[in-house]
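Mapping the sequence shown onto UniProt numbering, position 80 (from 1) lands on 80, and the numbers just tick up by one.
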Amino acid sequence: MGTLDYYATMARMAPGALAKSAVRRVQGVARKALYNRREQVDEAQLLESFGATRADDLVSLALDHRTARAWCELSQRESARAAIEKLPGAKARTLERAARALRQEWDVFGTPVSFGEGKPVDWSLEPVSGRHYPVDPVERMPLHVTGMDPKYPWVMGRLDSAVTLAQGAWVAETEAERSRFATAFVSQTLDFLQANPVGMGVHWTCSMEIALRAANVAQALAMFADRPEVRRPEFLVPVLGALAEHCAWVEAHLEDTSAVPNNHLVSNYVGLVVVGSLFPELPGAPRQVALAANGLRTQMEAQVHPEGTSFEGSIPYHRLSVELFALAFLVARGAGVSLGPAYEARLRLMFVAARAWSSESGLAPQIGDNDSGRVFPFQERADGDHGYLSGLGAALFNDAGLGGGVFPDEAAWLLGDAGLVRFNALPVAPAPTSVSFAEGGFHILRGEGVVLTVSAGKQGQRGVGGHSHNDKLSFELHLNGRPVIVDPGTGSYTRDPALRNAMRSTAAHNTLQVDGAEQAPMDPARLFALPEDARARVVAFQPGAKHDRLVVRHDGYRHLPAPVGIERTFFLDRHVRALAVGDRLVGTGRHEVVGRLHLPDGQARWCKPAAEVLARAGRVQEGPEAFDARALELGPAEAPVGWVLFGRGLETSLVPSCYSPGYGRVVEAVSVEFRRQLTPPAWLGWVFVFR
Numbered sequence: 001m002g003t004l005d006y007y008a009t010m011a012r013m014a015p016g017a018l019a020k021s022a023v024r025r026v027q028g029v030a031r032k033a034l035y036n037r038r039e040q041v042d043e044a045q046l047l048e049s050f051g052a053t054r055a056d057d058l059v060s061l062a063l064d065h066r067t068a069r070a071w072c073e074l075s076q077r078e079s080a081r082a083a084i085e086k087l088p089g090a091k092a093r094t095l096e097r098a099a100r101a102l103r104q105e106w107d108v109f110g111t112p113v114s115f116g117e118g119k120p121v122d123w124s125l126e127p128v129s130g131r132h133y134p135v136d137p138v139e140r141m142p143l144h145v146t147g148m149d150p151k152y153p154w155v156m157g158r159l160d161s162a163v164t165l166a167q168g169a170w171v172a173e174t175e176a177e178r179s180r181f182a183t184a185f186v187s188q189t190l191d192f193l194q195a196n197p198v199g200m201g202v203h204w205t206c207s208m209e210i211a212l213r214a215a216n217v218a219q220a221l222a223m224f225a226d227r228p229e230v231r232r233p234e235f236l237v238p239v240l241g242a243l244a245e246h247c248a249w250v251e252a253h254l255e256d257t258s259a260v261p262n263n264h265l266v267s268n269y270v271g272l273v274v275v276g277s278l279f280p281e282l283p284g285a286p287r288q289v290a291l292a293a294n295g296l297r298t299q300m301e302a303q304v305h306p307e308g309t310s311f312e313g314s315i316p317y318h319r320l321s322v323e324l325f326a327l328a329f330l331v332a333r334g335a336g337v338s339l340g341p342a343y344e345a346r347l348r349l350m351f352v353a354a355r356a357w358s359s360e361s362g363l364a365p366q367i368g369d370n371d372s373g374r375v376f377p378f379q380e381r382a383d384g385d386h387g388y389l390s391g392l393g394a395a396l397f398n399d400a401g402l403g404g405g406v407f408p409d410e411a412a413w414l415l416g417d418a419g420l421v422r423f424n425a426l427p428v429a430p431a432p433t434s435v436s437f438a439e440g441g442f443h444i445l446r447g448e449g450v451v452l453t454v455s456a457g458k459q460g461q462r463g464v465g466g467h468s469h470n471d472k473l474s475f476e477l478h479l480n481g482r483p484v485i486v487d488p489g490t491g492s493y494t495r496d497p498a499l500r501n502a503m504r505s506t507a508a509h510n511t512l513q514v515d516g517a518e519q520a521p522m523d524p525a526r527l528f529a530l531p532e533d534a535r536a537r538v539v540a541f542q543p544g545a546k547h548d549r550l551v552v553r554h555d556g557y558r559h560l561p562a563p564v565g566i567e568r569t570f571f572l573d574r575h576v577r578a579l580a581v582g583d584r585l586v587g588t589g590r591h592e593v594v595g596r597l598h599l600p601d602g603q604a605r606w607c608k609p610a611a612e613v614l615a616r617a618g619r620v621q622e623g624p625e626a627f628d629a630r631a632l633e634l635g636p637a638e639a640p641v642g643w644v645l646f647g648r649g650l651e652t653s654l655v656p657s658c659y660s661p662g663y664g665r666v667v668e669a670v671s672v673e674f675r676r677q678l679t680p681p682a683w684l685g686w687v688f689v690f691r
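Spelled out as structure tokens, the structure:
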């Protein structure tokens with residue numbers, strides 16, 4: 001797709017977005033010009049802003065006279081400790097994570113990195129390639145280099161570890177332990193600031209990372225406010241100055257100039273509101289908090305649908321968005337800054353949506369991009385774990401519809417003992433039922449241990465498709481909390497553009513591909529754009545007591561020389577415990593049609609289906625009239641989870657594939673292909689019988 005075609009598509013998919021983007025670009029240029037003419041915050045400015053006459057006075061004014069009641073304030077420490085003490089294993093988990101932070105160990109998307117306690121950190125290291133980003137002015141930074149990925153050093157440079165060290169100090173039993181954690185915070189923070197001057201190097205190339213780093217340092221500083229290691233002017237002056245500089249940079253470099261701003265802009269505002277709420281005396285803080293609060297209200301409406309789903313077109317990015325909006329809400333509320341009832345109401349629905357697609361084990365489907373992104377550095381979580389959001393939402397909003405389950409560590413830290421009391425008083429909510437999120441494009445059929453999530457809706461980010469895939473009419477299937485038929489994931493972004501494009505292609509999803517074409521054209525050079533050509537939508541959503549029926553359609557192959565339309569029917573029979581999937585094709589011409597079912601591993605084999613399995617498959621409505629002689633058995637040979645029976649006349653085979661369970665990780669797997677040459681109108685289908 002050429003540049004003109006691309007922008008024409010963007011204009012068609014997001015009317016008015018390009019014009020608004022042009023205005024924001026002009027405003028951005030003006031902001032940067034003002035920033036470039038300003039003087040960096042020095043000690044004199046800090047003293048003046050805090051009303052201090054000398055640096056020693058600054059310590060008391062910044063750390064003692066604190067009126068906010070955000071989760072990270074010392075006034076909340078005993079409540080958080082009490083909640084953590086009551087959660088089985090929570091204290092041990094906290095101390096284990098804090099010990100790793102003490103040793104300066106990071107798990108960077110599956111790659112371990114360690115520097116040792118008190119040692120300098122190689123902040124510019126790209127650990128997979130072993131290469132380094134130069135500490136050059138950001139204007140000259142070669143950020144997107146094949147074979148390297150800035151997200152890897154960003155994991156370290158976000159300084160989640162600062163909050164982790166503070167958590168360790170809050171629950172530690174001895175003064176020696178608390179001193180050790182505080183000393184590590186001081187050492188690591190100063191090490192980062194000295195190695196990464198303002199505007200220099202990879203850690204100043206993305207305002208999202210700068211904003212979240214500032215938020216983490218500010219929260220940790222509040223948590224360590226009574227520690228003598230922190231209460232020294234030679235530490236506090238440069239750190240408060242760095243917070244002011246981080247916020248000034250973010251304010252001047254807001255990520256709002258794209259056609260449709262996304263989670264990066266929300267992150268910018270989160271950083272500003274957290275730092276400014278915790279340290280309102282910093283230069284520019286009142287203005288930045290007002291800017292951020294207004295921006296968050298606007299982006300909540302723009303980036304979260306009224307049904308509670310994120311507009312990103314990605315379920316993993318929904319988790320990131322929930323944490324971003326929730327952190328801003330909690331810190332702002334603790335400082336007396338209201339984000340408004342509309343913001344609060346939509347945030348609550350984001351928790352409801354996460355519960356709707358999470359399996360009994362808390363795992364969510366991997367539909368759309370997954371960069372393993374999080375904001376809460378409170379507990380290690382699997383990339384697909386969304387289950388903790390229910391407990392957090394229940395306690396945060398005292399919502400009986402989210403009650404039951406487990407009170408997570410995140411809620412203990414953010415809401416303290418009062419949150420645990422609210423959670424325990426709630427009744428257990430009924431189990432989630434089948435639901436269709438029309439705006440988000442996610443449709444969930446569930447019951448009897450089955451969670452089926454289907455993708456059928458508009459491309460994310462209002463048609464830009466930044467984190468969407470060519471996955472229309474595709475699905476992910478979980479049985480008893482385990483992913484069985486999966487979306488293969490994301491793999492990588494800029495490190496490996498070829499892998500990036502392969503993982504978001506039609507062939508990488510559980511849907512039909514016609515004549516080898518893509519559902520929507522993919523420009524290999526535009527890794528975060530996917531035009532709205534498929535026009536996927538729901539034809540019928542019919543949940544019932546014993547079975548659910550979902551009919552979805554897309555027009556992605558209408559552009560072929562001989563156009564084809566596809567309608568797919570999902571029929572989940574909870575009584576028979578089977579799923580029937582049928583594809584109806586309408587159009588003209590002769591076509592090669594290939595369908596795929598991607599598995600998370602290699603545990604699959606061909607077998608002759610038992611009579612009982614065949615009988616159950618034959619009882620499911622919407623299934624084939626006759627089946628192939630062999631079936632595909634899934635799961636361990638000694639304990640299979642089910643059998644896939646294909647309609648007679650399909651050519652089937654198992655082929656090598658790959659699966660990315662989280663960003664930067666790719667493992668060997670297999671997929672089953674079923675193919676047929678046909679002339680529409682035609683129908684093909686298969687049935688999955690669950691064990």
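Using N, Cα and C, we set each Cβ at its ideal position, and we do this for glycine too.
None of these values were measured; they are calculated from a predicted model.
Open item on the list: Could you give the first and the last residue of the continuous beta strand (DSSP E) run that contains His598?
Closed with: Mapped onto the sequence shown, residue 598 falls at position 598. Where His598 is concerned, the enclosing beta strand (DSSP E) stretches over His591 to His598.
Open item on the list: Considering only the alpha carbon of each residue, which of His469, Glu518, Leu190 and Ser671 lies closest to Trp606?
Closed with: For the purposes of this step, residue 606 is identified with residue 606 of the sequence shown, where counting begins at 1. Selected option, being the one with the closest Cα: Ser671.
- [ ] Drop a sphere of 10 angstroms on the beta-carbon of Glu518, count the other beta-carbons inside from all chains shown, and report buried for 16 or more, exposed for fewer.
- [x] Numbered from its first residue, the sequence shown carries residue 518 at position 518. Around the C-beta of Glu518, 16 or more other C-beta atoms lie within 10 Å, and the residue is accordingly described as buried.
Task: Ala101 versus Met141: straight-line alpha-carbon distance, rounded - done: Indexing the sequence shown from 1 puts residue 101 at position 101. Indexing the sequence shown from 1 puts residue 141 at position 141. Their Cα atoms are separated by approximately 29 angstroms.
Open item on the list: Given this structure, state the Cα-to-Cα distance separating Ser75 from Ala332, to the nearest angstrom.
Closed with: In the sequence shown, counting from the first residue as 1, residue 75 sits at position 75. In the sequence shown, counting from the first residue as 1, residue 332 sits at position 332. Straight-line Cα distance between these residues: approximately 16 angstroms.
Task: Cβ separation of Trp71 and Leu414, assumed to be a contact under 8 angstroms, to the nearest whole Å - done: Stepping through the sequence shown from its first residue, residue 71 is reached at position 71. Stepping through the sequence shown from its first residue, residue 414 is reached at position 414. Right, the Cβ-Cβ distance comes to about 5 angstroms (below 8 angstroms), so this counts as a contact.
- [ ] Report all residues from its chain with a CB closer than 6 angstroms to the CB of Lys91; omit the five preceding and five following residues, and keep chain order.
- [x] Taking the sequence shown and counting its residues from 1, the one referred to as residue 91 is at position 91. Around Lys91: Ile84 and Val171.
Open item on the list: Buried or exposed, going by whether 16 or more other CB atoms sit within 10 Å of the CB of Gln27?
Closed with: The residue given as residue 27 occupies position 27 in the sequence shown. Classified as exposed, Gln27 has fewer than 16 neighbouring CB atoms from the shown chains inside 10 Å of its CB.
Open item on the list: Among Ala382, Leu272 and Ile367, whose alpha-carbon lies nearest the alpha-carbon of Phe329?
Closed with: If you number the sequence shown from 1, residue 329 lands on position 329. The shortest CA-to-CA distance from Phe329 to any of Ala382, Leu272 and Ile367 is the one to Leu272.
TODO: In the DSSP assignment, find the beta strand (DSSP E) that holds Gln542 and state where it starts and stops.
DONE: Stepping through the sequence shown from its first residue, residue 542 is reached at position 542. Residues Arg537 to Gln542.
Open item on the list: Would Gly440 and His554 be called neighbours here (beta carbons separated by less than 7 angstroms)?
Closed with: As a first step, residue 440 must be located in the sequence shown, where it is residue number 440. As a first step, residue 554 must be located in the sequence shown, where it is residue number 554. No; because the gap between Cβ atoms is not below 7 angstroms, this pair is not in contact.
TODO: Report the residue ranges of all alpha helix (DSSP H) runs contained in full by the segment 599-675; include only those spanning at least 4 residues, in chain order.
DONE: 611-619
TODO: Taking Gln459 as part of the alpha helix (DSSP H), name the residues at either end of that continuous run.
DONE: In the sequence shown, the residue the question calls residue 459 occupies position 459. Premise fails: Gln459 is in no alpha helix (DSSP H) and is neither H nor E.
Task: CA nearest to the CA of Val484, picked from Ser114, Ala242 and Val689 - done: Taking the first residue of the sequence shown as position 1, residue 484 is located at position 484. Val689 is the residue among Ser114, Ala242 and Val689 whose C-alpha sits nearest the C-alpha of Val484.
Open item on the list: Once the 5 residues before and after Val620 are set aside, which same chain residues still bring their CB inside 7 angstroms of it?
Closed with: Locating residue 620 in the sequence shown gives position 620, where the first residue counts as 1. Only Phe571, Asp573, Val576, Ala578, Ala580 and Val687 meet the Cβ criterion.
- [ ] Indicate whether Ala182 and Val230 have their beta-carbon atoms separated by less than 7 angstroms.
- [x] Taking the sequence shown and counting its residues from 1, the one referred to as residue 182 is at position 182. Taking the sequence shown and counting its residues from 1, the one referred to as residue 230 is at position 230. Taking 7 angstroms as the Cβ cut-off, Ala182 and Val230 qualify as a contacting pair.
Open item on the list: How far does the beta strand (DSSP E) with Glu105 in it extend, from its first residue to its last?
Closed with: Residue mapping note: residue 105 aligns to position 105 of the sequence shown, counting from 1. Its beta strand (DSSP E) spans residues Glu105 to Val108.
Task: Contact check, Gly241 vs Val41, beta carbons under 7 angstroms - done: As a first step, residue 241 must be located in the sequence shown, where it is residue number 241. As a first step, residue 41 must be located in the sequence shown, where it is residue number 41. Cβ distance < 7 angstroms, so Gly241 and Val41 count as in contact.
Task: Stretch pair the segment 188-205 + the segment 153-168: three plus CB contacts closer than 8 angstroms - done: yes
- [ ] Note the first and the last residue of the continuous alpha helix (DSSP H) segment covering Val59.
- [x] As a working mapping, residue 59 is identified with position 59 in the sequence shown. Segment Ala55 to Leu63, the alpha helix (DSSP H) holding Val59.
- [ ] Return the bridge partner residues of Thr453 from the DSSP annotation.
- [x] Taking the first residue of the sequence shown as 1, we reach residue 453 at position 453. DSSP, once it has assigned bridges, lists Ile444 and Glu476 as partnering Thr453.
TODO: Say whether chain B places a C-beta atom closer than 7 angstroms to the C-beta of Ala82.
DONE: Absent from the structure: chain B. Only one protein chain is present.
- [ ] Go through its chain and collect everything with a Cβ distance to Leu363's Cβ below 6 angstroms, but skip five positions before and after it.
- [x] Your numbering for residue 363 matches position 363 in the sequence shown. The answer, listed in chain order, is Gly384.
Open item on the list: Once DSSP output is grouped into helix, strand and coil, what is the label at Glu173?
Closed with: Residue mapping note: residue 173 aligns to position 173 of the sequence shown, counting from 1. Glu173: coil per DSSP, three-state reduction.
Task: Outcome for Arg355 when other beta-carbon atoms lying within 10 angstroms are tallied against a minimum of 16 - done: Here residue 355 is taken as the residue at index 355 of the sequence shown, counted from 1. Under this definition Arg355 is a buried residue.
TODO: Taking all protein chains shown into account, decide if Thr53 is buried (16 or more other Cβ within 10 angstroms of its Cβ) or exposed.
DONE: By one-based count along the sequence shown, residue 53 stands at place 53. Thr53 is exposed by the Cβ-count criterion.
- [ ] Find out if the Cβ-Cβ distance for the pair Ala218, Val274 is shorter than 7 angstroms.
- [x] Looking up residue 218 in the sequence shown gives position 218. Looking up residue 274 in the sequence shown gives position 274. Yes. Within cutoff.
TODO: In angstroms with no decimal places, state the Cα-to-Cα distance between Ala214 and Ala545.
DONE: Mapped onto the sequence shown, residue 214 falls at position 214. Mapped onto the sequence shown, residue 545 falls at position 545. Between Ala214 and Ala545, the C-alpha separation is close to 50 angstroms.
- [ ] State the Cα-Cα distance for the pair Ala335 and Glu73, rounded to the nearest angstrom.
- [x] Taking the sequence shown and counting its residues from 1, one reaches residue 335 at position 335. Taking the sequence shown and counting its residues from 1, one reaches residue 73 at position 73. In a straight line, the C-alpha of Ala335 is about 10 angstroms away from that of Glu73.
- [ ] Answer yes if the segment 403-420 comes into contact with the segment 275-285, meaning at least three C-beta pairs across the two stretches below 8 angstroms, and no otherwise.
- [x] Look at the beta carbons and you see the segment 275-285 not touching the segment 403-420: under three pairs across the two are nearer than 8 angstroms.
TODO: Would you give the residue range spanned by the alpha helix (DSSP H) that Val322 belongs to?
DONE: On the sequence shown, position 322 is the one that residue 322 refers to. Run containing Val322: Ile315 to Gly334, per the alpha helix (DSSP H) assignment.
Task: Nearest-angstrom Cα separation, counted from Pro127 out to Leu4 - done: Numbered from its first residue, the sequence shown carries residue 4 at position 4. Numbered from its first residue, the sequence shown carries residue 127 at position 127. Note that Leu4 has pLDDT 41, beneath the 50 cutoff, so the model's placement of it is unreliable and no number is given.
Open item on the list: Rounded to the nearest angstrom, what separates Leu597 and Gly199 at their Cα positions?
Closed with: Here residue 597 refers to the residue found at position 597 of the sequence shown. Here residue 199 refers to the residue found at position 199 of the sequence shown. Take the alpha-carbon of Leu597 and the one of Gly199: they are about 47 angstroms apart.
Open item on the list: Is the beta carbon of Glu567 closer than 7 angstroms to that of Gly463?
Closed with: Residue 463 sits at position 463 when you count from the first residue of the sequence shown. Residue 567 sits at position 567 when you count from the first residue of the sequence shown. No.
- [ ] List the residues that DSSP assigns as beta-bridge partners of Ser114.
- [x] Here the question's residue 114 lines up with position 114 in the sequence shown. Note: Ser114 sits in a beta bridge opposite Glu105.
TODO: Could you check the C-alpha separation between Pro150 and Gln104 for me, to the nearest Å?
DONE: Here residue 150 corresponds to residue number 150 of the sequence shown, with the count starting at 1. Here residue 104 corresponds to residue number 104 of the sequence shown, with the count starting at 1. About 19 angstroms.
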